[in-house]
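Peer 1: Got a structure for you, questions after.
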Amino acid sequence: MWSRRIATWLPRRSAAAASVRSLSAELRLSRERLGQPIPLDEHACSVSMPMWDDVVGYEEGCERVKAALACGYPRFVYHPHVEKLCASLLSRHLKKRPSVKPGSLQCAVAPNFLSALRLRDFLLEGTRFQDDDVYVYSDDLVNHRLQMHVHGVMYPSELAQKAKAFWQHTGEVVSSRQAHAAAAQLAENTATITPPFCAEHRVHCAVASGVTDDAGGAGPANAFEGLRESIAGFTGAHKADVHFTPSGMGAVSFALRVAQEAFERRVKAAEKAGERVPPSKQVPQAVVFGFPYLDTLKLCERPELCPGGSSFFKFGHEQDLRELEALLKRAADPSDPTSPVCAVFTEFPSNPLLRSPDLHRLKSLLQEHDVPLVVDDTIANFANVDLFGVEKGAD
């Protein structure tokens, strides 16, 4: 009996040992994949961090992890093509200013001129630097010949962390494709970050989807129009009301600016009509209702982007609705110093907790106070939830 048990146990032990060896080999292979693009594409927007300590190391700024990253999520990690474009614009600029001390200036890029101006103002806000220290640089070769409208912003090196914060929180980024095209126009060699077959795979996918880089193919304008019509069809909106931003956070920051500008117009109209608007009621705050994607909260908390500050109702439940109602009443009272609200931001459902606020009650409350409701439907997608077609939906 014992011999039969041993005979049965030995193969199992051998199989288990082989499984452990296989797992160990797989873990070693996984370690080698740290930092590789996901997918294996020149314009990948994610990166491999196969081990838990890789993720922890990234969050803690570990040099081992940072040095291994070929790319990363575009708002968190500057893509190599973006870095190349920044270096090229800075080099071209410094040739015209030989008196500038090497290393004292850095360059950030913006997808358009207005975005570059916002970046400049953001960098100057709350710092010791003057207007002449941070300025927009446009290269005619890029902007006029290629019509890329990419602009550089030159700033003192000590503001690099703040420049990265603007890139991350506003989402006003230059894509790797846009940077690659602009750098190529400047005759810069852009090193690939993936094996050659990956680039071929990307071209194959582009051709299969009807979008190519050839002049005779479907151009960007046609692609954008097609997307506008498709999104308008899903949402019931007019295609002229469909706007594109470089990133998801770009859409959130765009909505915040629109709400702030609309509030400013209302204040000016009231003053023009002879109404006195107290100083405490001239700069609005934003409200975040429910625990959101963290950068949405950070966007509303930054004084450079939301001077009136923000109020955060982290649960988005019944009690928070009552407290929001009390806040709106105080904001509407001219004798109360509470800042008025330019917009309320929420998610449906929320990321990452998957909680859904009562949009009907929230919208009814905001309509009473003439405050727009901004809903981020990233998780559900506008094709799966109807936020415009219902009476008490998003603005």
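Per our numbering, the sequence shown starts with residue 954, numbered consecutively. From the three backbone atoms N, C-alpha and C, an ideal C-beta is built for every residue, glycine too.
So if DSSP puts Ile1184 in a beta bridge, which residue, or which two residues, is it bridged to?
Peer 2: None; Ile1184 has no bridge partner.
Peer 1: Note the first and the last residue of the continuous beta strand (DSSP E) segment covering Ser1200.
Peer 2: Note, Ser1200: premise wrong, no beta strand (DSSP E); not H, not E.
Peer 1: Ignore the nearest five residues each way along the sequence and tell me which others in Pro1237's own chain have a CB closer than 7 Å to its CB.
Peer 2: Gln1213, Phe1216, Gly1261, Ser1292, Pro1293, Val1294, Cys1295
Peer 1: Distance, Cα to Cα, Tyr1011 vs Ala1347?
Peer 2: Their Cα atoms are separated by approximately 36 Å.
Peer 1: CB Leu1315 to CB Leu1274, shorter than 8 Å?
Peer 2: yes
Peer 1: Pop quiz: Ala1336 and Phe1187 are said to be a contact at Cβ under 8 Å. What is the actual Cβ separation, rounded to whole angstroms?
Peer 2: 5 Å
Peer 1: Compare the beta carbon distance of His1102 and Phe1066 with 8 Å and say whether it is the shorter of the two.
Peer 2: yes
Peer 1: Measuring alpha carbon to alpha carbon, tell me which of Pro1027, Glu1276, Asp1084 ends up nearest Cys998.
Peer 2: Pro1027
Peer 1: Could you check which residue in Leu1250, Leu1252, Arg1308 has the C-alpha nearest to that of Phe930?
Peer 2: Outside the shown range of the chain (954 to 1348) lies residue 930, about which nothing can therefore be said.
Peer 1: In whole angstroms, what separates the C-alpha of Asp1339 from that of Leu1076?
Peer 2: 39 Å
Peer 1: Considering only residues of the same chain and omitting the five flanking positions on each side of Pro1109, which have a CB-CB separation below 8 Å?
Peer 2: Shown here for Pro1109: same chain residues with a beta carbon closer than 8 Å to its own, the five before and five after excluded, namely Ser1057, Leu1058, Gln1059, Phe1082, Asp1086, Val1087 in chain order.
Peer 1: For the pair the region 1012 to 1020 and the region 1035 to 1050, tell me if three or more CB-CB distances fall below 8 Å.
Peer 2: no
Peer 1: Any idea what DSSP makes of Val1126, helix, strand or coil?
Peer 2: coil
Peer 1: Within the continuous alpha helix (DSSP H) that includes Phe1298, where are the two ends?
Peer 2: Counting along the chain, Phe1298 falls outside any alpha helix (DSSP H), though it belongs to the beta strand (DSSP E) covering 1294 to 1300.
Peer 1: Let me know if Arg1071 comes out buried or exposed under the rule of 16 or more other beta-carbons within 10 Å of its beta-carbon.
Peer 2: buried
Peer 1: Starting from Leu1058, follow its DSSP beta bridges and name the residues at the other end.
Peer 2: Pro1109
Peer 1: Which residues mark the beginning and the end of the beta strand (DSSP E) in which Gln1238 is found?
Peer 2: 1238 to 1242
Peer 1: Looking at the structure shown, is Ala1350 part of a helix, part of a strand, or coil, going by DSSP?
Peer 2: Residue 1350 lies beyond the stretch modelled for the chain, which goes from 954 to 1348, so this question has no answer here.
Peer 1: Mind checking Glu1182: buried by the 16 CB within 10 Å criterion, or exposed?
Peer 2: exposed
Peer 1: May I ask you to report which of helix, strand or coil DSSP gives Phe1341?
Peer 2: coil
Peer 1: Would you mind reading off the limits of the beta strand (DSSP E) that contains Tyr1088?
Peer 2: Tyr1088: member of the beta strand (DSSP E) spanning 1088 to 1090, first to last residue.
Peer 1: Could you work out which residue in Leu1277, Thr1331, Glu995 is closest to Glu1321 when comparing CA atoms only?
Peer 2: Leu1277
Peer 1: With three or more beta-carbon pairs closer than 8 Å as the criterion, would you say the region 1194 to 1205 touches the region 1227 to 1243?
Peer 2: no
Peer 1: Just mark Val1053 as buried or exposed, buried being the case when its beta carbon has 16 or more other beta carbons within 10 Å.
Peer 2: exposed
Peer 1: I'd like the list of long-range same chain contacts for Val1327, defined as Cβ closer than 6 Å, with 5 residues on each side in sequence excluded.
Peer 2: Ala1208, Ala1296, Phe1298
Peer 1: Taking C-alpha atoms, which residue in Gly1124, Pro1302, Ala1135 lies nearest to His1104?
Peer 2: Ala1135
Peer 1: Consult DSSP for Leu1022 and reduce its assignment to one of helix, strand or coil.
Peer 2: Leu1022 falls in the coil class under three-state DSSP.
Peer 1: Please classify Trp1120 as buried or exposed, where buried requires at least 16 neighbouring CB atoms within 10 angstroms.
Peer 2: Buried, because 16 or more other Cβ atoms sit within 10 Å of the Cβ of Trp1120.
Peer 1: Do Val1106 and Arg1073 have their C-beta atoms within less than 8 Å of each other?
Peer 2: yes
Peer 1: Does DSSP classify Pro1033 as helix, strand or coil?
Peer 2: In the displayed model, Pro1033 falls within a helix according to three-state DSSP.
Peer 1: Excluding sequence positions up to five away, which residues of its chain have a Cβ less than 6 Å from the Cβ of Asp1248?
Peer 2: His1122, Met1202
Peer 1: Compare the C-alpha of Met1004 against each of Tyr1031, Arg1283, Arg986, Phe1242 and name the closest.
Peer 2: Arg986
Peer 1: Am I right that Phe1266 and Phe1301 are in contact with their C-beta atoms under 8 Å? What's the rounded C-beta distance?
Peer 2: About 15 Å separates the two Cβ atoms, so there is no contact after all.
Peer 1: Just tell me which of Ser1263, Val1240, Lys1117, Gln1235 has its CA closest to the CA of Asp1286.
Peer 2: Gln1235
Peer 1: Terminal residues of the continuous beta strand (DSSP E) containing Ser1303?
Peer 2: Taken as a continuous stretch (DSSP letters only), Ser1303 belongs to no beta strand (DSSP E), as it is neither H nor E.
Peer 1: Pro990 bridges to which residues according to DSSP?
Peer 2: Val1000
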